[in-house]
Amino acid sequence: MKNKIKLLSFAFVATMAFTSCSDTFLQEKRNYDSTNVEVYNYYSGADGRIRSLYAKTLPNPNGDAAWNNPSTGRPDVQSRSTEEYSGFDLFVDPRKELTALSGGDDNRVPSYFHYQMQNTVNVYGRIRDINDAIQGISGGKLSQEEKDQLLGQAYFLRAWCYYNIVKWYGGIPIVTEVLEPVESTAVLRSSTRECIELMCNDLDQAAEMLAATGAWTGNNWGRVTSGTALALKGRVLLLWASPIFNRTNDKTRWDAAYEAIKASIPVLNVCGYGLYTRGDNVNGSDFAAMFATITNPEAVFVSLCNTASTDNEKKNNQWENNIRPRNTLGSGSYEASDMIVDMFPMADGKRPTISDTYTKLDRSTYTYNSEFPFENRDPRFYRTFAFPGVR
């Protein structure tokens, strides 16, 4: 009886607490993301919102490729469908028919939405947050210069989100404003062409808004620039020209991608990007240092990591540790494919005699030993792979 009385008492107290709250309590929470519009009226608050969007939309080396990560570097079906890993798998094999989103079927489509609908997980939740930032900053009290700098990053990240899901599903619903999470706000699916146009428009707008900012320096290094925006636009158009969407091999799509990529190069140079060199490159030393240099000018678009251990911004790169051989400090030791190994030239700069991965280079005069494929290779080979005898 005492327990029942306690429970009833608690329910009564809770009811009184809610009824005694301000009548505007629910109205204050209507954006469903706990972001007060006042945050967009001062630069540090609006910039904090933009930084949170980077954290939500960029790849996490420890994450699962099934949702917000375009690639985790693991030999999964998604990575094997990109230049990140070689292979011919579910998404790119015309002999396999993609089927259900769930179940034990071998052809089951991995869900980009991770079978969840939480705002921080679901891709449209992230797009909604970006739209909220665009709307809030646009209507805020910042100077036009400050608005452009922040909005340029937001438009880029929105295009990035759409780019990744269009690769999976083709045409998808286009949402460019903050919608209330109710059934009546359902949006119909758009065509792939319309999605490509949206991304290109967002990236053009991002490039224009970020033009005055130029290259980011100091603690801001790694944010997107006008060059980053135009580089992604070239990649979007390359996707549109690729066989997955260009079934009739329309040449004008290839031309458009080429022109966009060409036009991005001088803008990239203005933003501080370019080839990484230190001047000597003895035994591939420049090639090795490039991957360990934080402000590498070849890093046009990066996902930065940190050393945080407990806070909400923890983003540690354990993947690099995991690919190292088990007898060192690593724990995973991912294996390289023959195709990736054979992409590296021999010591004379020519392709291995066994390789058909590429044909533009002449065949090497060095004998390729399949039992010892690490003999007589390009210096960059020895900066990339671990094998018996390597320190």
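Numbering (the numbering used here), first residue to last: 14 to 404.
Even for Gly, the Cβ is constructed at its ideal location relative to N, Cα and C.
Closest by C-alpha distance to A68, when choosing among L155, G149, L170 and I187: In the sequence shown, the residue the question calls residue 68 occupies position 55. The shortest C-alpha separation from A68 is found at L170.
Local conformation of P392 per DSSP, three classes: As a working note, residue 392 is residue 379 in the sequence shown. DSSP places P392 in helix when its eight states are reduced to three.
Run through DSSP, which three-state label would C34 get? Position 21 of the sequence shown, counted from the start, is the residue given in the question as residue 34. Note that C34 scores a pLDDT of 49, beneath 50, so its modelled location is shaky; the value from the coordinates is reported in the next line. Residue state, collapsed to three classes: coil.
Count Cβ pairs between the segment 350 to 364 and the segment 254 to 267 that sit closer than 8 Å; are there 3 or more? no
With DSSP as the reference, label R108 as helix, strand or coil. Indexing the sequence shown from 1 puts residue 108 at position 95. Residue state, collapsed to three classes: coil.
On the CB-based measure, 16 or more other CB atoms within 10 Å of its CB, does F385 come out buried or exposed? Working through the sequence shown from its first residue, we reach residue 385 at position 372. With fewer than 16 Cβ atoms within 10 Å of its Cβ, F385 is classed as exposed.
Looking at R396 and F300, is the spacing between their C-beta atoms short of 8 Å? Against the sequence shown, residue 300 aligns to sequence position 287. Against the sequence shown, residue 396 aligns to sequence position 383. Cβ atoms of F300 and R396: closer than 8 Å.
Whose CA, out of D268, D161, Q162 and V136, lies closest to the CA of W181? The residue labelled residue 181 in the question sits at position 168 within the sequence shown. With distances taken between Cα atoms, W181 lies closest to V136.
What is the rounded straight-line gap between the Cα of F400 and the Cα of S350? The count along the sequence shown starts at 1 and reaches residue 400 at position 387. The count along the sequence shown starts at 1 and reaches residue 350 at position 337. About 13 Å.
Going by beta carbon distance, what residues of the same chain come within less than 6 Å of G297, once the five residues before and after it are set aside? Counting from one through the sequence shown, the residue named residue 297 turns up at place 284. Counting only Cβ-Cβ distances below 6 Å, and skipping sequence neighbours, we find P392, R393 and R396.
Would you call V179 buried or exposed, if buried means 16 or more other Cβ atoms sit within 10 Å of its Cβ? Counted from its first residue, the sequence shown places residue 179 at position 166. V179 comes out buried.
Look at the alpha carbon of A276 and the alpha carbon of E193, and state the distance between them as a whole number of angstroms. For the purposes of this step, residue 276 is taken as the residue at position 263 of the sequence shown. For the purposes of this step, residue 193 is taken as the residue at position 180 of the sequence shown. If I take the Cα positions, the gap works out to 39 Å.
What separation, rounded to the nearest whole angstrom, lies between the Cα atoms of V283 and G292? Here residue 283 corresponds to residue number 270 of the sequence shown, with the count starting at 1. Here residue 292 corresponds to residue number 279 of the sequence shown, with the count starting at 1. When rounded, the distance between both Cα atoms is 21 Å.
Near G287, which residues of its chain fall below 7 Å by C-beta distance, leaving aside the five closest residues on each side in sequence? Along the sequence shown, read from residue 1 onward, the residue named residue 287 stands at position 274. If we look at G287 and ignore the five residues flanking it on each side, its Cβ neighbours are P310.
Following the continuous alpha helix (DSSP H) through C174, name the residue where it begins and the one where it ends. Position 161 of the sequence shown holds residue 174. Here the alpha helix (DSSP H) through C174 covers Q157 to Y182.
Could you check how far apart the C-beta atoms of R62 and V50 are, in whole angstroms? I think they sit under 8 Å. The residue you call residue 62 lines up with position 49 of the sequence shown. The residue you call residue 50 lines up with position 37 of the sequence shown. About 11 Å separates the two Cβ atoms, so there is no contact after all.
Measure the C-alpha to C-alpha separation of G402 and M303 and round it to an integer number of angstroms. Residue 402 sits at position 389 when you count from the first residue of the sequence shown. Residue 303 sits at position 290 when you count from the first residue of the sequence shown. Cα to Cα, G402 sits roughly 24 Å from M303.
Applying the 10 Å Cβ sphere with the 16-neighbour rule, what's the burial state of M222? As a first step, residue 222 is located in the sequence shown; it is residue number 209 there, counting from the start. The residue is buried, with at least 16 neighbouring Cβ atoms inside 10 Å.
Can you tell me which of the three DSSP states P186 falls into? As a first step, residue 186 must be located in the sequence shown, where it is residue number 173. It is a strand residue.
Decide if the segment 143 to 153 is in contact with the segment 203 to 216; the criterion is three or more beta carbon pairs, one per stretch, under 8 Å apart. no
Alpha carbon of I187 to alpha carbon of A228, nearest angstrom: By 1-based counting over the sequence shown, the position of residue 187 is 174. By 1-based counting over the sequence shown, the position of residue 228 is 215. Their Cα atoms are separated by approximately 31 Å.
With a threshold of 7 Å on Cβ separation, who are the neighbours of T70 within its own chain once the five nearest residues in sequence on each side are excluded? The residue labelled residue 70 in the question sits at position 57 within the sequence shown. Closer than 7 Å at the Cβ level, and outside the excluded window around T70, lie N81, R139, L170, W173 and C174.
Between which residues of its own chain and K363 is the CB-CB distance below 7 Å, once the five residues before and five after are set aside? Position 350 of the sequence shown, counted from the start, is the residue given in the question as residue 363. Excluding sequence neighbours, K363 sits near L374, D375, R376 and S377.
For P365, collect the residues of the same chain with a Cβ closer than 7 Å to its Cβ; drop the 5 residues on either side in sequence, then sort them by chain order. As a first step, residue 365 must be located in the sequence shown, where it is residue number 352. Closer than 7 Å at the Cβ level, and outside the excluded window around P365, lie D355, M359, S377 and Y381.
Short check: CB of L243 to CB of A225, under 8 Å? In the sequence shown, residue 243 corresponds to position 230, counting from 1. In the sequence shown, residue 225 corresponds to position 212, counting from 1. Contact: no.
Proximity winner among V280, Y379, M212 and N329, relative to Y176 (alpha-carbon distances): On the sequence shown, position 163 is the one that residue 176 refers to. For Y176, the nearest C-alpha among the options comes from M212.
Length of the line joining the Cα atoms of E348 and R390: Numbered from 1 along the sequence shown, position 335 holds the residue referred to as residue 348. Numbered from 1 along the sequence shown, position 377 holds the residue referred to as residue 390. In a straight line, the C-alpha of E348 is about 18 Å away from that of R390.
Taking only three categories from DSSP, how would you classify R364? Residue numbering aside, residue 364 sits at position 351 when the sequence shown is read from its first letter. Strand at R364.
Supposed close pair K246, L216 - CB separation, criterion 8 Å: Here residue 246 refers to the residue found at position 233 of the sequence shown. Here residue 216 refers to the residue found at position 203 of the sequence shown. Correct: roughly 4 Å between the Cβ atoms.
3 or more residues per run - each beta strand (DSSP E) lying fully within the segment 219 to 277: none
With 16 other Cβ atoms within 10 Å as the buried cut-off, status of R141: Translated into positions along the sequence shown, residue 141 becomes position 128. Classification of R141: buried, given that the 10 Å Cβ count is 16 or more.
Report the CB separation of G184 from E207 in whole angstroms; it is logged as a contact under 8 Å. In the sequence shown, counting from the first residue as 1, residue 184 sits at position 171. In the sequence shown, counting from the first residue as 1, residue 207 sits at position 194. Their Cβ separation, rounded to whole angstroms, is 7 Å, which keeps G184 and E207 in contact under 8 Å.
What does the alpha-carbon distance come out to for the pair R43 and V195? Here residue 43 refers to the residue found at position 30 of the sequence shown. Here residue 195 refers to the residue found at position 182 of the sequence shown. No answer about R43 holds up, because its pLDDT of 47 lies below 50 and its placement is not dependable.
G285 versus V315, V295, T238 and N319, residue with shortest Cα-Cα distance: Within the sequence shown, the letter at position 272 stands for residue 285. The shortest C-alpha separation from G285 is found at T238.
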